[in-house]
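Presented below is the structure to which this report refers.
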Amino acid sequence: MAIDREKFPPLYRTVAINDDGLESHSYIPGGLDVLTSSPSNDQPGANPEQFVGLALSTCLNATLEAIEQRRDLPHTSQVHTIVEMARDRRGLQFYVTAEIKLPGVDLDTAKAMVDLAERRCPVAKLMSGSDNVQVKLVQEFSPAPPIVH
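As structure tokens, then:
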């Protein structure tokens, strides 16, 4: 369902640019400039999988921080996002798992906060239609050793 841009005009805009492909750099004019490379080689640089993980982790944790503030709770939330790339019938796909810890928050409150954060976080909302995306509350983060070929 498309958003009514007249009723809900943009509050912020940025442009992320990559003009030269994966083995180059991506940048924000006047801001961040990141060397990029493929996750399947040992060249220095970040890759799209890492950008996806950073976007979801940062946005979810910022949303949780706002929820904590509204509930007069100290900011304790932590978000680790595991992004895996796999082959499928048409090429490649991502599996994305955002794990959330809320130290010092009781289980029922923590579950409600995670549910609310998932519904409010713009990045989580963007990804919400995919069966390959999970957001879950955890007591401990899963080990995620790198897969190297």
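Residue numbering for the sequence shown follows the numbering used here, beginning at 74 and increasing consecutively. Glycine is no exception: its CB is placed at the ideal position from the N, C-alpha and C atoms.
Supposed contact pair Val169 and Val206 - C-beta distance, whole angstroms, cut 8 Å: Residue numbering aside, residue 206 sits at position 133 when the sequence shown is read from its first letter. Residue numbering aside, residue 169 sits at position 96 when the sequence shown is read from its first letter. Yes, they are in contact, since the Cβ atoms of Val206 and Val169 sit about 5 Å apart, within 8 Å.
For Leu137, the residue or residues it bridges with in DSSP: Translated into the one-based positions of the sequence shown, residue 137 becomes position 64. Paired residue(s): none; Leu137 is not in a bridge.
Neighbourhood of Met200 by C-beta distance below 8 Å, restricted to the same chain and skipping five residues each side: Against the sequence shown, residue 200 aligns to sequence position 127. Result list for Met200: Leu129, Val169, Val206, in chain order.
As assigned by DSSP and simplified to three states, the class of Val152: If you number the sequence shown from 1, residue 152 lands on position 79. Three-state result, Val152: strand.
Validate contact between the region 141-151 and the region 164-184 using beta carbons, cut 8 Å, 3 pairs: yes
Extent of the continuous beta strand (DSSP E) run through Leu165: The count along the sequence shown starts at 1 and reaches residue 165 at position 92. Here the beta strand (DSSP E) through Leu165 covers 164-174.
Whole-angstrom C-beta distance between Thr87 and Ile101, which should lie under 8 Å: For the purposes of this step, residue 101 is identified with residue 28 of the sequence shown, where counting begins at 1. For the purposes of this step, residue 87 is identified with residue 14 of the sequence shown, where counting begins at 1. Indeed, because the Cβ distance is near 6 Å, the residues count as touching under 8 Å.
Selection from Pro216, Pro218, Val187, Asp106 that minimises the alpha carbon distance to Asn134: Counted from its first residue, the sequence shown places residue 134 at position 61. Nearest option by C-alpha distance: Val187.
Local Cβ density within 10 Å of Ala217, reported as buried at 16 or more and exposed below that: Reading the sequence shown from its first residue, position 144 is the one you call residue 217. Ala217 is exposed by the Cβ-count criterion.
C-alpha distance - Pro219 paired with Asp181, whole-angstrom precision: As a first step, residue 219 is located in the sequence shown; it is residue number 146 there, counting from the start. As a first step, residue 181 is located in the sequence shown; it is residue number 108 there, counting from the start. Distance between the alpha carbons of Pro219 and Asp181 is about 33 Å.
Minimum length 3: unbroken beta strand (DSSP E) runs contained in the region 78-120: 98-100, 106-108
Distance, Gly94 Cα to Tyr85 Cα: Numbered from 1 along the sequence shown, position 12 holds the residue referred to as residue 85. Numbered from 1 along the sequence shown, position 21 holds the residue referred to as residue 94. Looking at the two C-alpha atoms, the distance is approximately 26 Å.
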